Amino acid sequence: PTRLLRRRPPGQALLVTHDAALGMEDHAILANEPKSSRLVTASVISADRDSSHLIFNIHVSEPGDGYLSYGLFRRYEAFAAMHAAMQAQPELAPRLPSLPAKPRKSAKVTDDWSIIDRLGEYLRSIVSDPLLVTSGEVRGFLELSAA
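Take a look at the structure:
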């Protein structure tokens, strides 16, 4: 990944990363945020159909002693449950991006790619927000370490 460090007033640094190998878009995170929120990235990279459901493959990277990177599998219902739990919290609800509509069971392959893109953007929005990414709901959903 390439990293650029830019200065922001008043003395805050903005870290921008891009990982073309994973097809991940730029992620911007304040460099002076708590360690647990720095450099956490998440992207929906693919989906598989099992009978009538889409199972989304999510790639997560987070800081640690080294740089921890792993994959998770989640159904849309897990995204919806995380979103609902955060909506119920007054301090998180205004910061939440809109959750993309649930995919249709009989969707075409092009529709599958559309929901992959929309859920990927949803996750990138969440992990780029220091308050959201450190919430228990997001940490549990992404199985983030306690570091």
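Letter by letter, the sequence shown follows residues 1 to 147 of full-length UniProt numbering.
Even glycine gets a Cβ: it sits at the ideal position worked out from N, Cα and C.
Since the structure is predicted, the reported quantities are computational estimates derived from the model, not experimental observations.
TODO: Return the chain-ordered list of same chain residues with a C-beta closer than 6 Å to the C-beta of ASP48, the five sequence neighbours on each side being excluded.
DONE: ILE55
Task: C-alpha distance - PHE73 paired with LEU131, whole-angstrom precision - done: 24 Å
Open item on the list: Let me confirm a value: ARG104 is counted as buried when at least 16 other C-beta atoms fall within 10 Å, else exposed. Which label applies?
Closed with: exposed
TODO: Identify whether LEU142 lies in helix, strand or coil by the three-state DSSP scheme.
DONE: Coil at LEU142, not helix or strand.
Task: Cutoff 6 Å; reference LEU39; Cβ partners in own chain excluding five residues on either side - done: The answer, listed in chain order, is PRO63.
- [ ] For the beta strand (DSSP E) holding LEU54, just list the boundary residues, first then last.
- [x] Start and end: 53-63.
Task: Start-to-end residues for the alpha helix (DSSP H) that takes in ALA81 - done: 76-87
Task: Rounded Cβ spacing between THR41 and VAL138 (contact assumed at less than 8 Å) - done: Actually they do not touch by this definition, with Cβ atoms about 13 Å apart.
Open item on the list: Let me check understanding here. Comparing Cα to Cα, which of ARG75, GLY71 and SER61 lies closest to LEU119?
Closed with: ARG75
Task: Best match in ASP129, ALA88 and TYR70 for proximity to GLU143 [C-alpha to C-alpha] - done: When only C-alpha atoms are compared, the closest one is TYR70.
Open item on the list: So, for PHE141: in the same chain, excluding its five sequence neighbours on each side, which residues have a beta-carbon less than 6 Å away from its beta-carbon?
Closed with: Contacts found: MET82.
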